[in-house]
Structures are given as structure tokens and as C-alpha cells.
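Below you'll find the structure, written out as C-alpha cells, and then a few comments.
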């Protein structure tokens, strides 16, 4: 028997939307400790990692390890039927399916058939980063939108007290600088000056998706290494992580 109930649908909407940016099929792993998911996109440049501890659910049961695979688009259609104040209950059924229930006075139940997939869980990168920044989701998305006006790549550069973003193309260039005196950059730790370039569209897509349930995000990177974004989807420890490989800069 598997059952996971959350007080609102926002986490599931964020998780499913974030997964959709990378893959079309998703396999969730449930154990007594909680729910996990990890997958890499087909081009092997991005990885999403979900950790949803059992204590972060309103109620949770998992008598034995349980895997369920779904088409992400189908799952999003069902989750999208929920209202902001609905509780969400996902449970196993006797059939090769899962039940998705929404409750807030008005009760609804959907059953989605599971799929077979050969995709396995991707290994988690073992990385240490020189820069760690905590920002509001709103400002990070705004910065990416500003850079994307002129470029499909964004360069992150960090030195003591300052986090800078820039992009350039034949059209022109754009630059944004944040420092700890402003309200948008909540914290910045720089062990060593760092500079790396990443795809703007990937970053924008994941921030928009995960940002449905997170007001802030943690951004970690080092020179010429992947960037890691982490979103805390609730106060009980539900965490969504995202790795993106660097692009080769033209500098």
C-alpha cells in the first residue's frame, strides 16, 4: 500500500512542471522514507533531482518499496485540475495504476494508468562549489529575462560581495549586477572568484516551473562547472534540485 497526501497542490504542480522541462516520462521511487525522482535530459546536459521526505507530507504510507512511472504530460493534466486550496492524495491501486484525489469540500478522483519504461535513475554529480547565492525567485527570473533579450546564454560571475550576470550576441549585450546591499540577493558566499556560462532557456524553464511553490532559490556554481539550483518547496523539507552543464564561452 502506497499513499501520499499533501495539504496543497502547489508542490505537485511545481514538481511535474519542472520534470516536464527535461523528460517526457517519469519514474518515482517510494520507500518508507519518502518519495524520490532523478532523471537526466536526452542531451545529457541537465539533471533534475527530487527529494520529498515522508515527514513533508500531511500523511504518508509505504509498506514496501514502490515504483510508478507516468507520462509527464498526462500527469500534469490531472494535477492541473486541482484548485489552490485542494489537498492532493496519490495512492496505489490494485490495478496497474495510481489514484489521484483532490479534496476541498468538492471531492474528485482520477485514475491514471502506469507505463513501462526502461529509463533508470541517473547518478547524482559529486561536486563542490566555490560560490553559493540565495536569491528571490522573482529577481532571478527577471535577470534571466533581461539577459535573454539579447542572448541565449548567460554568464554568471561572482566575487566577494557581488554576483553578476551578462550575455551578448551580434545584437548587443546585457549586464545585471546584484550585491548584498539589495533585498533581492539574500546571501552570497564566495570561496573563490567564479565564472561560467549556461543556457538561458533551460534556467528560465526550471525557475518558472519550480517557482510555483518556492519564493527563493539557492544557486551554486564554480568556474567551468555545472550550476546547481535548489528550491525548497515547503517548510518540511521537500527539495527540488537542478544541475545544468556549462556552455563554452566565446570569451
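In the numbering used here, the protein residues as written are 4 to 254.
The beta carbon of each residue, even a glycine, is placed where N, CA and C say it ideally should be.
Note that the structure is a prediction, hence the values are computed from the model and not measured.
Between the alpha carbons of residue 56 and residue 35 lies a gap of roughly 9 Å. Ranking 66, 228 and 142 by CA distance to the CA of residue 129 puts 228 first.
In the same chain as residue 250, and ignoring 5 residues on each side of it, the C-beta atoms closer than 8 Å to its own belong to 156, 200, 201 and 202, in chain order.
Between residue 51 and residue 59 the beta-carbon gap is near 17 Å, outside 8 Å, which marks them as no contact.
Within the segment 116-204, the complete beta strand (DSSP E) segments of 3 residues or longer fall at 134-139, 156-162, 165-171, 176-182, 188-193 and 197-202, listed in chain order.
Here the C-alpha atom of residue 73 lies approximately 22 Å from the C-alpha atom of residue 246. Exposure of residue 194 is indicated by the presence of fewer than 16 other C-beta atoms within 10 angstroms of its C-beta. For residue 220, the enclosing beta strand (DSSP E) starts and ends at 219-224. If you compare the alpha carbons of 144, 149, 141 and 196 with that of residue 165, the shortest gap goes to 196. In the DSSP assignment, residue 28 falls within the unbroken beta strand (DSSP E) covering 28-34. Between residue 92 and residue 62, the alpha-carbon positions lie close to 9 Å from each other.
Per DSSP, residue 20 is one residue of the alpha helix (DSSP H) stretching across 13-23. Rounded to whole angstroms, the gap between the alpha carbons of residue 158 and residue 204 is 13 Å. Residue 105 and residue 48 have their C-alpha atoms roughly 35 Å apart.
Annotation: residue 236 to residue 174 spans about 37 Å, alpha carbon to alpha carbon.
Three or more pairs of CB atoms, one per stretch, sit closer than 8 Å, so the segment 214-234 contacts the segment 130-142. In the three-state scheme derived from DSSP, where H, G and I count as helix and E and B as strand, residue 52 is classed as strand. Contact annotation: residue 243 and residue 7 have beta-carbon atoms that are not nearer than 8 Å.
Cβ neighbours of residue 190 within its own chain (closer than 8 Å, five residues either side excluded): 135, 136, 137 and 183. The continuous beta strand (DSSP E) containing residue 8 extends over residues 5-9.
CA-CA distance, residue 85 to residue 117, rounds to 20 Å.
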